[in-house]
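J.: Chains as they are written, first to last, in this note's numbering: chain A, 6 to 123; chain B, 6 to 123.
2 protein chains.
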Amino acid sequence: MGVDALTINEAARTTGWSPRMLRYVEQAGLVTATRSPSGYRLYGPEQLQRLRTLKELLRRFDIGLSDVAFAARMAESDELRDAVQAWLVAEARRPEDVRADDWLRFEQEKHERLLAVA
Amino acid sequence: MGVDALTINEAARTTGWSPRMLRYVEQAGLVTATRSPSGYRLYGPEQLQRLRTLKELLRRFDIGLSDVAFAARMAESDELRDAVQAWLVAEARRPEDVRADDWLRFEQEKHERLLAVA
DNA sequence: CAAACCTTGACACACCCGTGGTAACCTTGT
DNA sequence: ACAAGGTTACCACGGGTGTGTCAAGGTTTG
């Protein structure tokens, strides 16, 4: 084995995930192992750490892999992030509070145009 | 009926959702109708607009109500948002690129402590 | 008051998520 | 070469999401 890369079963043992789930997590695009020439997954210290913190993250907030995957999608796509945030911002603005947040209006309308073009 | 508030079936017709789904969307915490004294849901122009843009949002990006609900949860909880973003930021930093992003390091480590306390 | 409309609660169903298992097949280590 | 371990591709199954429909009962309205 490479100097400090673990195969899937070893990685599973030291991270608390099952081998099955490590493959699943990879398929979800969250933690991708490198591959040996023959195709074995190899987990380096980086990936092992990411797997542990990911597990912690899910446990602490009781969220799912798909939630994190969605967050990743938002982080990658400005358009998606802006559109979702624009929608959420609008929620905060109930009819009564209009007038106090003109600064928000600007940003918001900018984003509403994003949605409107469709 | 109130000056410009629609009941659920009328709202359904003008927004493209089914009445069933309007109740579901409300249960998901995304668009809440006000209630008449006797308990009927009443949708004002604000809510109608939010329903239309929500529908557009889901369609355009092929995402689910639960995704938007999760985004809302992130928007409301600093702790959740910071933790998720900290995890995602770490992903971007592959071993090779270390050195170019010391500015990120700071923010990242700040957030990693957030995760570490558990 | 009767028709039309609302409310909640439940049954149902298809499809995704998280997980485990198993089969068929290749790789590594002794 | 054989055992141990990896790979993908499946079956399965409980729980959540998105959706329709129906029942039992209160409200609004002509």
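Don't be surprised by glycine CBs; every beta carbon is placed ideally from N, CA and C.
#1: Show which residues of chain B have a CB atom less than 8 angstroms away from the CB atom of Ala88 of chain A.
#2: Checking 8 angstroms against the spacing of the C-beta atoms, do Leu59 of chain B and Trp22 of chain A come in under that value?
#3: Classify Gln32 of chain B as buried or exposed, calling it buried when 16 or more other Cβ atoms lie within 10 Å of its own Cβ.
#4: Using three-state DSSP, classify Thr39 of chain A as helix, strand or coil.
#5: Between the alpha carbons of Val36 of chain A and Arg78 of chain B, how many angstroms are there, rounded?
#6: Please state the DSSP three-state secondary structure of Tyr45 of chain A.
#7: May I ask you to list the residues that DSSP assigns as paired with Leu11 of chain A?
#8: Determine whether the Cβ of Trp92 of chain A lies closer than 8 angstroms to any Cβ atom of chain B.
#9: Taking the alpha-carbon of Tyr29 of chain B as reference, which of B:Thr19, B:Val89, B:Glu81, B:Ala74 has the nearest alpha-carbon?
#10: Kindly list the residues whose CB is nearer than 6 angstroms to the CB of Glu101 of chain A, restricted to its own chain and excluding five residues on each side of it in sequence; keep chain order.
#11: With a threshold of 8 angstroms on Cβ separation, who are the neighbours of Leu53 of chain A within its own chain once the five nearest residues in sequence on each side are excluded?
#12: Assuming Arg55 of chain A contacts Arg46 of chain A under a Cβ cut-off of 8 angstroms, what Cβ separation, rounded to an integer in Å, is found between them?
#13: Go to Arg67 of chain B, then tell me how far its alpha helix (DSSP H) extends in each direction, as first and last residue.
#14: Label Asp9 of chain A either buried or exposed according to how many other C-beta atoms from any shown protein chain fall within 10 Å of its C-beta, with 16 as the threshold for buried.
#15: Going along chain A in order, which residues have a C-beta closer than 9 angstroms to the C-beta of Leu27 of chain B?
#16: Check this for me: beta carbons of Val89 of chain A and Leu62 of chain B, under 8 angstroms apart or not?
#17: Does the beta carbon of Thr20 of chain A sit closer than 8 angstroms to a beta carbon anywhere in chain B?
#18: If we define contact as Cβ-Cβ less than 8 angstroms, is Arg40 of chain A a contact residue for chain B?
#19: Spell out whether any CB of chain A is found under 8 angstroms from the CB atom of Val73 of chain B.
#20: Return the chain-ordered list of same chain residues with a C-beta closer than 8 angstroms to the C-beta of Gly69 of chain B, the five sequence neighbours on each side being excluded.
#21: Using the three-state DSSP reduction, which class does Glu101 of chain A fall into: helix, strand or coil?
#22: Out of curiosity, what's the CA-to-CA distance linking Met26 of chain B and Ser43 of chain A?
T.: In terms of the structure at hand:
#1: What you label residue 88 of chain A is simply residue 83 of the first sequence in a count that begins at 1. Chain B residues near Ala88 of chain A: Leu62, Arg65, Phe66.
#2: Against the second sequence, residue 59 of chain B aligns to sequence position 54. Against the first sequence, residue 22 of chain A aligns to sequence position 17. Contact annotation: Leu59 of chain B and Trp22 of chain A have beta-carbon atoms that are not nearer than 8 angstroms.
#3: On the second sequence, position 27 is the one that residue 32 of chain B refers to. By the neighbour-count rule (16 or more Cβ atoms within 10 Å), Gln32 of chain B is not buried but exposed.
#4: Within the first sequence, numbered from 1, the residue matching residue 39 of chain A stands at position 34. Shown here, Thr39 of chain A sits in a strand according to DSSP, grouped into three states.
#5: Numbered from its first residue, the first sequence carries residue 36 of chain A at position 31. Numbered from its first residue, the second sequence carries residue 78 of chain B at position 73. Their backbone Cα atoms lie some 23 angstroms apart in a straight line.
#6: Translated into positions along the first sequence, residue 45 of chain A becomes position 40. The answer is coil: DSSP assigns Tyr45 of chain A none of H, G, I, E or B.
#7: Numbered from its first residue, the first sequence carries residue 11 of chain A at position 6. By DSSP's assignment, Leu11 of chain A forms a beta bridge with A:Tyr48.
#8: For the purposes of this step, residue 92 of chain A is taken as the residue at position 87 of the first sequence. It does; some Cβ of chain B falls within 8 angstroms.
#9: Taking the first residue of the second sequence as 1, we reach residue 29 of chain B at position 24. Its Cα nearest to that of Tyr29 of chain B, the residue B:Ala74 stands out among B:Thr19, B:Val89, B:Glu81, B:Ala74.
#10: As a working mapping, residue 101 of chain A is identified with position 96 in the first sequence. Because the pLDDT at Glu101 of chain A is just 41, under 50, the model does not fix this residue reliably, and the value given afterwards should be weighed accordingly. Once the five neighbours on either side are set aside, Glu101 of chain A has no close Cβ partner at all.
#11: In the first sequence, counting from the first residue as 1, residue 53 of chain A sits at position 48. For Leu53 of chain A, the CB contacts under 8 angstroms within the same chain, skipping 5 residues up- and downstream, are Leu11, Ala16, Thr19, Thr20 in chain order.
#12: Within the first sequence, residue 55 of chain A is the residue found at index 50, counting from 1. Within the first sequence, residue 46 of chain A is the residue found at index 41, counting from 1. The Cβ separation is near 14 angstroms, so there is no contact.
#13: Taking the second sequence and counting its residues from 1, one reaches residue 67 of chain B at position 62. A small correction: the amino acid at residue 67 of chain B is Asp; Arg does not occupy that position in the sequence shown. It is not in any alpha helix (DSSP H) - Asp67 of chain B carries neither H nor E in the DSSP assignment.
#14: Translated into the one-based positions of the first sequence, residue 9 of chain A becomes position 4. The residue in question, Asp9 of chain A, is exposed, as its Cβ has fewer than 16 Cβ neighbours within 10 Å.
#15: Along the second sequence, one-based indexing puts residue 27 of chain B at 22. In chain order: nothing, as chain A lies at least about 16 angstroms away.
#16: Here residue 89 of chain A is taken as the residue at index 84 of the first sequence, counted from 1. Here residue 62 of chain B is taken as the residue at index 57 of the second sequence, counted from 1. Result yes, Cβ atoms of Val89 of chain A and Leu62 of chain B sit closer than 8 angstroms.
#17: Here residue 20 of chain A is taken as the residue at index 15 of the first sequence, counted from 1. With a threshold of 8 angstroms between beta carbons, Thr20 of chain A makes no contact with chain B.
#18: Taking the first sequence and counting its residues from 1, one reaches residue 40 of chain A at position 35. No - not a single Cβ of chain B is within 8 angstroms of the one on Arg40 of chain A.
#19: By one-based count along the second sequence, residue 73 of chain B stands at place 68. Taking 8 angstroms as the CB threshold, Val73 of chain B lines the interface with chain A.
#20: Taking the first residue of the second sequence as 1, we reach residue 69 of chain B at position 64. Only Leu63 meet the Cβ criterion.
#21: On the first sequence, residue 101 of chain A is found 96 positions in, with the first residue counted as 1. At Glu101 of chain A the pLDDT is 41, less than 50, meaning the model places this residue with poor confidence and gives no usable figure here.
#22: Walking along the second sequence from the start, residue 26 of chain B turns up at place 21. Walking along the first sequence from the start, residue 43 of chain A turns up at place 38. Rounded to the nearest whole angstrom, the CA to CA distance from Met26 of chain B to Ser43 of chain A is 50 angstroms.
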